[in-house]
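K.L.:
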Amino acid sequence: MTRVLVICEGQTEQAFAKDLLAPHLVDNGIYLFTENMRGAVSSQRVARFVRNNFRNFDRITTLLDFYGYHDREHDSRQAQEAFILQAVQAIMPHADVRGKFLPYVQMHELEGLLFSDVSQFEWVQDGWNAEVEQRLQSVRDEYANPELINDSPLTAPSKRLGNIFGSLYNKVEHGSLIAESIGLQVIRTQCPNFNGWLSWLESLDR
206 MTRVLVICEG QTEQAFAKDL LAPHLVDNGI YLFTENMRGA VSSQRVARFV
256 RNNFRNFDRI TTLLDFYGYH DREHDSRQAQ EAFILQAVQA IMPHADVRGK
306 FLPYVQMHEL EGLLFSDVSQ FEWVQDGWNA EVEQRLQSVR DEYANPELIN
356 DSPLTAPSKR LGNIFGSLYN KVEHGSLIAE SIGLQVIRTQ CPNFNGWLSW
406 LESLDR
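Under our numbering, the first residue of the sequence shown carries the number 206, and numbering increases by one thereafter.
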């Protein structure tokens, strides 16, 4: 049995981890637990969450959005993850941080993964129609994969959903429903960064 903690940015990420990742991994003897940062993500806050939970789990990772990261100092996901790792190592200089902790930052938002199959937005029942589906598909068609839907206060994935659905889309309520309907296999085939992280999680039973 491998006990893994996922430090989540907020409720949406926590629901995704609980509803999709945990059931997928438990058959492999990997038990997923979550901790909700409730927003205001910074590398120092992540480091404190890791330190406070370090002795209680076999592995620790994160599920954070690149968009809106409070103290983002880099323009790439890899560099930002390295920055997080450095912050944890600085606060725990004598611990085997690299052996136990893997930071993961989702490009650009978790909501981007939902564009892997825009037809599943039909779960937003009051706001669903053919025109909405076409608008969603037009967004998806702009990018080679859903993770590239961009990092901007106006055009990030959640902002685009707000523009299309208005208040009818509830990220916590609808996010997991849509993701579950799409399925992890479809998401991972279209989202290479996410697939790499999920593959690492799956490998922890070995």
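Cβ coordinates follow ideal geometry from the N, Cα and C atoms, glycine included.
1) Which runs of the alpha helix (DSSP H), 4 residues or longer, sit entirely within the stretch 246 to 274?
2) Tell me the DSSP secondary structure of N334 in three-state form.
3) Pull up the distance between the alpha-carbon of R277 and that of Q285, whole angstroms please.
4) Among the residues of its own chain, which have a CB less than 7 Å from the CB of I369, if the five just before and after it don't count?
5) Three or more C-beta pairs closer than 8 Å, one from the stretch 240 to 259 and one from the stretch 292 to 304: is that the case here?
6) Please look up how many angstroms separate the CB atoms of L406 and I235, rounded, as I've assumed it's under 8 Å.
7) Can you tell which of V344, D356, D322 and P308 has the C-alpha that lies nearest to the C-alpha of Q249?
8) Unbroken alpha helix (DSSP H) runs of length 4 or more, entirely within the stretch 361 to 407: which are they?
9) How would you label Q219, buried or exposed, when you count the other beta carbons within 10 angstroms and need 16 or more for buried?
10) By Cβ distance below 7 Å, which residues in the same chain neighbour E214 in space, the five residues on each side in sequence not counted?
11) Touch check for the stretch 314 to 332 and the stretch 375 to 391: three-plus C-beta pairs under 8 Å?
12) Could you check where the beta strand (DSSP E) with I413 kicks off and where it finishes?
13) Taking the alpha-carbon positions, what's the Y274 to S281 distance?
14) Should L403 be labelled buried (16 or more other beta-carbon atoms within 10 Å of its own) or exposed?
15) With a threshold of 7 Å on Cβ separation, who are the neighbours of V377 within its own chain once the five nearest residues in sequence on each side are excluded?
16) Mind checking which residues open and close the beta strand (DSSP E) that includes R208?
17) Do T207 and R264 have their C-beta atoms within less than 9 Å of each other?
18) Tell me the residue span of the alpha helix (DSSP H) that contains L230.
19) With a cut-off of 8 Å on the beta carbons, I'd call L226 and L237 a contact; round off their distance for me.
20) Kindly identify the DSSP beta-bridge partner or partners of V302.
21) Take R365 and list the residues in its own chain whose beta-carbon comes closer than 6 Å to its own, dropping the five residues that flank it on each side.
22) Helix, strand or coil: which one does DSSP assign to V323?
P.N.:
According to the data block:
1) 248 to 258
2) coil
3) 7 Å
4) V337, R340 and L341
5) yes
6) 7 Å
7) P308
8) 362 to 370, 376 to 387 and 389 to 395
9) buried
10) M242, G244, V246, L268, L269 and D270
11) yes
12) Residue 413 lies beyond the range of the chain shown here (206 to 411); nothing can be said about it.
13) 12 Å
14) buried
15) Q216, T217 and A220
16) T207 to C213
17) yes
18) A227 to V231
19) 6 Å
20) Answer by DSSP bridge pairing: none, since V302 is not bridged.
21) V344
22) helix
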